[in-house]
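Just so you know, we're using this note's numbering here: the sequence shown kicks off at 9 and counts up by one. The beta carbon of each residue, even a glycine, is placed where N, CA and C say it ideally should be. All remarks here apply to the structure that follows.
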Amino acid sequence: MLGRAHSIGLRGLDAYPVQVEIDISAGLPGFSVVGLPDGAVRESRERVCAAVRNSGYRLPSRRITVNLAPAQSRKQGGHFDLPIAMALLSASGQARPSEENLKACLLGELALDGTLRPAQGVLAMALEAKARGFDTLMVPSANAAEAQASGLRALAVDNLRQAVETLSGERPALEPAAGGSDRAGAASQHDLSDVKGQRAAKRALEIAAAGGHNLLLIGPPGVGKSMLAKRLVSLLPDPSPEERVEISVMRSLSGGCEGLASGRPFRSPHHSASVAALVGGGPSSRAGEAALAHGGVLFLDELAEFSRSSLEALRQPLEDFRVSVARAREAVEYPARFMLVAASNPCPCGWRGHPEKACLCTTPAVRKYLGRLSGPWLDRIDLQVELSPVSFEQWAGEGPDPNWSSRAVRSRVMEARQRQRRRFEGRPFELNALIPSAELRALCALDDAGRAMLEQYSRRLQLTARSLDRVLKVSRTIADLSGADRIEGAHLTEALQYRSLERLAETA
9 MLGRAHSIGL
19 RGLDAYPVQV
29 EIDISAGLPG
39 FSVVGLPDGA
49 VRESRERVCA
59 AVRNSGYRLP
69 SRRITVNLAP
79 AQSRKQGGHF
89 DLPIAMALLS
99 ASGQARPSEE
109 NLKACLLGEL
119 ALDGTLRPAQ
129 GVLAMALEAK
139 ARGFDTLMVP
149 SANAAEAQAS
159 GLRALAVDNL
169 RQAVETLSGE
179 RPALEPAAGG
189 SDRAGAASQH
199 DLSDVKGQRA
209 AKRALEIAAA
219 GGHNLLLIGP
229 PGVGKSMLAK
239 RLVSLLPDPS
249 PEERVEISVM
259 RSLSGGCEGL
269 ASGRPFRSPH
279 HSASVAALVG
289 GGPSSRAGEA
299 ALAHGGVLFL
309 DELAEFSRSS
319 LEALRQPLED
329 FRVSVARARE
339 AVEYPARFML
349 VAASNPCPCG
359 WRGHPEKACL
369 CTTPAVRKYL
379 GRLSGPWLDR
389 IDLQVELSPV
399 SFEQWAGEGP
409 DPNWSSRAVR
419 SRVMEARQRQ
429 RRRFEGRPFE
439 LNALIPSAEL
449 RALCALDDAG
459 RAMLEQYSRR
469 LQLTARSLDR
479 VLKVSRTIAD
489 LSGADRIEGA
499 HLTEALQYRS
509 LERLAETA
């Protein structure tokens, strides 16, 4: 007796169709799974057998062989439980899908009592199923919004018996809850006007949002570095339809997707995070924080407390906007186009430069602390801003400034981005931060006075070629915010002010 069911495998972001075949033959009772299953798939025999019995069905006392094709692709995850169970019931004559559901794709992990648990990566698998010509996807109820977001007909079920009755047409599928948005935009509820003082830092945040630039905030504890970082998402334009899908797919891989994302992600890993947690890895090559921040903001608080190896691992995604996770048997690649915002104290005790509190750190200690951040890594930070403490008068008396609300700043950001889109029309990039070096001189041209000024600062601060490129890109964004067609002296002067770490290193 032979039974079949359709499913989808997932390797990183790459999904592929899997056909589940079951043969029930004479011989000693047994249950074997072939087709390069991982540990979770091999254990499915215990879950499936218990779920079949506890759902009121008969488990054949014969030899059961499960084949997951294609055999050369490694199968990972517990979502193969449902198709294995359905193929088993079909082979034993206990289930017969209706004509309409013969090509339904099945995903879901079974509990021992037959209930279905949600799976990770359902949206990525659903998109692959749609591309392969499937029009129906059966998933646990908790994954129904993801399945619907792909445009497929979603059959939401809670347990194995419901799945059998739904596929056979005996009962209608559960109506999936209306999806369309998830928690990806939760961080955008913060408003920039909540931050007291820090006008220069707010301006840097506006420039970063307008040009897609990375940002480093340096200052003593309590000056508002984290508050500012959390409000960057509220300044960014809404994601495009393509970006919504990409963001949602990444969230789906982490098990946190509830439909298409309505906003941009904000990820804030702890400074004790390992390399694998930041860029991805582990036995199943899981996505790290850099990939999960794709399309949004990655915030690294207490930057100097991160391990050197973790920070160096971020250099590749900062430059290439992709993360490659290599394992012994495979290499997985994830998109990682995010805006980086980092925050750091100016010294180990945190009070260096504070007008009232004395710094207890020696000069060598300060140099060692700042030296944890490598030069090549800092070269990839476009804006470096030093924050000062907010005075009591600012804290107590300053009311919300409508010009610095998230809504007002976002309006200016969108105008500047529109100028960039017009300028870069026909090119493979849309933001100043993404201008390649080959086109930088043409798109960010300086007059003689500007070149002389840049040369003077370059010699004084010993700026690298990459740092000079960043200065030009920031200058171009400042010009866009002011509505200017060319970079003027005032734009370049302001851009050079955002190299705080070089100035701190000078005085340390």
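(request) Using DSSP bridges, identify the partner residues of T73. (result) Along the sequence shown, one-based indexing puts residue 73 at 65. According to DSSP, T73 bridges with D31 and S40.
(request) Would you mind stating whether L131 and S282 have Cβ atoms separated by less than 8 Å? (result) One-based indexing of the sequence shown puts residue 131 at position 123. One-based indexing of the sequence shown puts residue 282 at position 274. Contact: no.
(message) I need the DSSP call for A195, collapsed to helix, strand or coil.
(response) Start at 1 with the first residue of the sequence shown, and residue 195 comes out as number 187. Residue placement at A195 is flagged as unreliable, the pLDDT there being 44, under the threshold of 50; the coordinate-derived value follows with that caveat. Reduced to three states, the DSSP call for A195 is helix.
(request) Report the option in R360, V331, E341 and A301 whose CA atom is closest to the CA atom of V349. (result) Locating residue 349 in the sequence shown gives position 341, counting from the first residue. It is A301 whose Cα lies nearest to the Cα of V349.
(message) What does the Cβ neighbour count give for A194, buried or exposed, with the cut at 16 atoms within 10 Å?
(response) Along the sequence shown, read from residue 1 onward, the residue named residue 194 stands at position 186. In this prediction, A194 scores a pLDDT of 44, lower than 50, which makes its location untrustworthy; no coordinate-derived value is stated.
(message) Going by C-alpha to C-alpha distance, which of L97, G304, A298 and D309 sits closest to Q324?
(response) Locating residue 324 in the sequence shown gives position 316, where the first residue counts as 1. The candidate whose alpha carbon is nearest that of Q324 is A298.
(request) Classify H278 as buried or exposed, calling it buried when 16 or more other Cβ atoms lie within 10 Å of its own Cβ. (result) Here residue 278 corresponds to residue number 270 of the sequence shown, with the count starting at 1. Classification of H278: exposed, given that the 10 Å Cβ count is below 16.
(request) For S15, write down the residues that DSSP places opposite it in a beta bridge. (result) If you number the sequence shown from 1, residue 15 lands on position 7. Partner(s): V26.
(message) Within 10 Å of its beta-carbon, does P444 have 16 or more other beta-carbons around it, so buried, or fewer, so exposed?
(response) In the sequence shown, the residue the question calls residue 444 occupies position 436. Burial call: exposed.
(message) Rounded to whole angstroms, what is the Cα-Cα separation between A192 and A216?
(response) Numbered from 1 along the sequence shown, position 184 holds the residue referred to as residue 192. Numbered from 1 along the sequence shown, position 208 holds the residue referred to as residue 216. Legend: pLDDT at A192 = 45, less than 50; position of this residue unreliable, no value from coordinates given.
(message) Give me the residue from E107, R375 and P397 with the minimum Cα distance to L225.
(response) Counting from one through the sequence shown, the residue named residue 225 turns up at place 217. Nearest option by C-alpha distance: P397.
(message) Taking its Cβ as the centre, do 16 or more other Cβ atoms sit within 10 Å of P247, making it buried, or is it exposed?
(response) Along the sequence shown, read from residue 1 onward, the residue named residue 247 stands at position 239. P247 should be labelled buried.
(request) State buried or exposed for W403, treating a residue as buried only when at least 16 other CB atoms are found within 10 Å of its CB. (result) Within the sequence shown, the letter at position 395 stands for residue 403. It counts as exposed.
(request) Closer than 7 Å by C-beta to R53: which residues in its own chain qualify, once you throw out the five before and the five after it? Chain order, please. (result) The sequence position of residue 53 within the sequence shown is 45, counting from 1. Same-chain partners within the cutoff: F39 and V41.
(request) Look at R207 and S414 and say whether their C-beta atoms are less than 8 Å apart. (result) If you number the sequence shown from 1, residue 207 lands on position 199. If you number the sequence shown from 1, residue 414 lands on position 406. Not a contact, by the Cβ cut-off of 8 Å.
(message) Within the continuous beta strand (DSSP E) that includes S52, where are the two ends?
(response) As a working note, residue 52 is residue 44 in the sequence shown. From DSSP, S52 is part of no beta strand (DSSP E) but of the alpha helix (DSSP H) over S52 to N62.
(message) Nearest by alpha-carbon distance to I495: which of V482, R316 and Y506 is it?
(response) On the sequence shown, position 487 is the one that residue 495 refers to. Of the listed residues, the one whose Cα sits closest to I495 is V482.
(request) Sort out for me which residues DSSP pairs Y506 with in a bridge. (result) Numbered from its first residue, the sequence shown carries residue 506 at position 498. In the DSSP output, where bridge partners are listed per residue, Y506 has none listed.
(message) Helix, strand or coil, according to DSSP, for P228 in the structure here?
(response) Within the sequence shown, the letter at position 220 stands for residue 228. The answer is coil: DSSP assigns P228 none of H, G, I, E or B.
(message) Just to confirm the assignment: which complete alpha helix (DSSP H) runs, minimum length 4, are found wholly within the region 429-462?
(response) 445-451
(request) May I have the straight-line CA-CA distance separating V231 from A351, to the nearest angstrom? (result) Against the sequence shown, residue 231 aligns to sequence position 223. Against the sequence shown, residue 351 aligns to sequence position 343. V231 and A351: Cα-Cα distance of roughly 11 Å.
(request) Compute the distance between the beta-carbons of A95 and E29, then report whether it is under 8 Å. (result) Along the sequence shown, read from residue 1 onward, the residue named residue 95 stands at position 87. Along the sequence shown, read from residue 1 onward, the residue named residue 29 stands at position 21. In contact: A95 and E29 (Cβ atoms closer than 8 Å).
(request) Would you identify the three-state DSSP class for G188, choosing helix, strand or coil? (result) Taking the first residue of the sequence shown as 1, we reach residue 188 at position 180. Low local confidence applies: a pLDDT of 49 at G188 is under 50, so the model's placement there is unreliable, and no value is given.
(message) By the three-class DSSP mapping on this structure, what secondary structure does K365 have?
(response) Along the sequence shown, one-based indexing puts residue 365 at 357. Correct three-state label for K365: coil.
(request) Label R375 either buried or exposed according to how many other C-beta atoms from any shown protein chain fall within 10 Å of its C-beta, with 16 as the threshold for buried. (result) Here residue 375 refers to the residue found at position 367 of the sequence shown. Exposed, since its Cβ has fewer than 16 Cβ neighbours within 10 Å.
(request) Would you kindly work out how many angstroms separate the C-alpha atoms of A209 and P436, rounded to a whole number? (result) As a first step, residue 209 is located in the sequence shown; it is residue number 201 there, counting from the start. As a first step, residue 436 is located in the sequence shown; it is residue number 428 there, counting from the start. Taking the straight line joining both Cα atoms gives about 30 Å.
(message) I want to know whether the region 122-138 touches the region 100-109 - three or more CB-CB distances under 8 Å.
(response) no
(request) Give the single residue among D390, L76 and S490 whose Cα lies nearest to the Cα of Y506. (result) For the purposes of this step, residue 506 is taken as the residue at position 498 of the sequence shown. Of D390, L76 and S490, the residue nearest in Cα terms is D390.
(message) Rounded to the nearest angstrom, what separates L114 and L90 at their Cα positions?
(response) To locate residue 114, count along the sequence shown from 1; it is residue 106. To locate residue 90, count along the sequence shown from 1; it is residue 82. Their Cα atoms are separated by approximately 6 Å.
(message) Can you find the residues in the same chain that come closer than 7 Å, C-beta to C-beta, to P410, ignoring five residues on each side of it along the sequence?
(response) Numbered from its first residue, the sequence shown carries residue 410 at position 402. If we look at P410 and ignore the five residues flanking it on each side, its Cβ neighbours are A416.
(request) Report yes or no: do the region 242-256 and the region 286-296 share at least 3 C-beta pairs separated by less than 8 Å? (result) no
(message) Taking only three categories from DSSP, how would you classify T472?
(response) Taking the first residue of the sequence shown as position 1, residue 472 is located at position 464. Three-state DSSP puts T472 in coil, outside helix and strand.
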